[in-house]
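Chemist: Using the working numbering, you'd call the opening residue of the sequence shown number 1 and step up by one each time. Think of the CB as a built atom: it goes at the ideal place given N, C-alpha and C, for glycine as much as any other residue. Nothing here was measured: the structure is a model prediction, and the numbers come from that model.
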Amino acid sequence: MRVVSFRSLRIVVLLVILAAAAIYTQGQRLSTRGWYEPLEMQLFPIAGDTSPATGTYIESLDESRFAAIERFFKSEGAGYRLVANRPVSVRIGPTIDAEPPDPPGPDGGVLSAVWYSLKLRVWAWRVTPAGWGQGDVVRMYLVYRQGEPNAALPHSLGIEKGLLGVVHLYADSTQDAQNTVIVAHELLHTVGATDKYDARGEPRWPDGYADPTASPRWPQKRCEIMAVRIPDSPERSLMPENLRACTVGRYTAAEIGWIGDATP
């Protein structure tokens with residue numbers, strides 16, 4: 001009699017979970033890319049350090065700090081003639097006292113990425129307060145911390161499977177405007193948009209340029225939201241100060257279902 005190994009059983013269980021998740025994700029994808037009604041984004045602040053300043057900052061947060069995100073998507077959506085007059089609505093949820101699991105390293109491979117996605121979804125299910133995160137809403141977990149000299153923030157991410165995002169931000173009111181740029185960028189990842197920058201982090205032409213047909217090509221006046229930066233010259237790009245300096249380009253619009261084809 002052949003005995004099924006524990007490893008084989010784990011693989012079977014994982015495949016069953018992945019199949020169920022794939023079916024659920026497909027339903028979410030169809031719902032969130034219709035754009036007939038506002039897509040709700042729920043924000044859950046998390047203290048990423050023990051600084052009292054971080055705690056004070058988080059206590060001061062309200063939805064007015066993120067109103068620029070709603071205005072940005074309303075303005076950009078109008079340019080693409082969306083049915084929804086208000087494509088995105090923002091709600092701030094309770095503060096969460098648990099940090100998300102660490103993502104795999106760059107050498108983790110596909111299985112590590114899949115496993116992390118499942119871990120993150122389980123973590124989100126466990127920590128999301130009752131009455132929140134129900135239905136096809138995007139859940140963004142905002143991890144705030146104080147800035148440190150010569151230390152970059154951890155990489156933020158948005159995951160389409162599960163409509164989840166983990167965004168690392170500075171707990172500093174002077175950074176509020178740029179924080180909204182990062183949150184909007186990760187939100188678009190959850191509905192199918194891809195990054196539009198190269199391995200150096202520089203905007204990729206043509207899809208990472210707000211105006212890819214401009215002549216001369218540089219300097220660009222605005223930032224394509226999925227490229228995150230404004231191309232200023234062939235060698236240099238600038239971080240936008242706020243969402244007013246950003247746009248949803250046609251390539252991104254096609255990915256998220258705002259238009260059928262990126263061809264002008």
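To the nearest angstrom, how far is the alpha carbon of residue 241 from that of residue 255?
Modeler: The straight-line gap from Cα to Cα measures roughly 25 angstroms.
Chemist: Could you name the residues of the same chain whose beta carbon sits closer than 8 angstroms to that of residue 113, not counting the 5 residues immediately before and after it, in chain order?
Modeler: 104
Chemist: Between residue 146 and residue 239, which are expected to be in contact by the criterion C-beta below 8 angstroms, what is the C-beta distance as a whole number of angstroms?
Modeler: That pair is no contact at about 19 angstroms.
Chemist: Is it the case that the Cβ atoms of residue 118 and residue 184 are separated by a distance below 8 angstroms?
Modeler: no
Chemist: Grab me the residues of residue 215's own chain with a C-beta within less than 8 angstroms of its C-beta, minus the 5 sequence neighbours each way, in chain order.
Modeler: none
Chemist: Please confirm whether residue 42 and residue 109 have their CB atoms less than 8 angstroms apart.
Modeler: no
Chemist: Buried or exposed for residue 30, going by 16 or more other Cβ atoms inside 10 Å?
Modeler: Bear in mind that a pLDDT of 47 at residue 30, under 50, signals an unreliable position, so the model cannot answer this.
Chemist: Could you spell out the range, first to last residue, of the beta strand (DSSP E) harbouring residue 39?
Modeler: 39-47
Chemist: Taking 8 angstroms as the cut-off, decide whether the C-beta atoms of residue 111 and residue 258 are in contact.
Modeler: no
Chemist: Quick check: what's the CA-CA separation for residue 63 versus residue 115?
Modeler: When rounded, the distance between both Cα atoms is 33 angstroms.
Chemist: Rounded to the nearest angstrom, what separates residue 138 and residue 195 at their Cα positions?
Modeler: A straight line joining the alpha-carbon of residue 138 with that of residue 195 spans about 18 angstroms.
Chemist: Exposed or buried, what is residue 174 when buried is set at 16 or more other beta-carbons lying within 10 Å of its beta-carbon?
Modeler: exposed
Chemist: Who does residue 217 pair with in a DSSP beta bridge?
Modeler: DSSP lists no partner for residue 217.
Chemist: Which whole-angstrom value describes the C-beta separation of residue 101 and residue 120, a residue pair presumed to lie in contact below a C-beta threshold of 8 angstroms?
Modeler: That pair is a contact at about 6 angstroms.
Chemist: Applying the 10 Å Cβ sphere with the 16-neighbour rule, what's the burial state of residue 201?
Modeler: exposed
Chemist: Leaving out five residues before and five after residue 133 in sequence, what residues of the same chain have Cβ atoms less than 6 angstroms from its Cβ?
Modeler: 139
Chemist: Please say whether residue 47 and residue 144 have beta carbons closer to each other than 8 angstroms?
Modeler: Less than 8 angstroms separates the beta-carbon of residue 144 from that of residue 47.
Chemist: Among residues of its own chain, excluding the 5 on either side of residue 71, which ones have a beta-carbon nearer than 8 angstroms to its beta-carbon?
Modeler: 243
Chemist: What do you reckon, are the CB atoms on residue 186 and residue 157 nearer than 8 angstroms?
Modeler: yes
Chemist: Which partner residues of residue 230 appear in the DSSP bridge assignment?
Modeler: DSSP, once it has assigned bridges, lists 238 as partnering residue 230.
Chemist: Count the other CB atoms, across all protein chains shown, that sit within 10 Å of the CB of residue 234; report buried if there are 16 or more and exposed otherwise.
Modeler: exposed
Chemist: Within 10 angstroms of the Cβ of residue 189, are there 16 or more other Cβ atoms? Answer buried if so, exposed if not.
Modeler: buried
Chemist: Assign residue 61 to one of three DSSP states: helix, strand, or coil.
Modeler: coil
Chemist: Anyone know if the C-beta pair for residue 153 and residue 44 falls short of 8 angstroms?
Modeler: no
Chemist: For the candidate residues 56, 89, 159, 220, whose alpha-carbon lies nearest to that of residue 237?
Modeler: 220
Chemist: What are the partner residues of residue 164, as DSSP defines its beta bridges?
Modeler: For residue 164, which the question treats as bridged, DSSP gives the partners 139, 159.
Chemist: By DSSP, does residue 71 sit in helix, in strand, or in coil?
Modeler: helix
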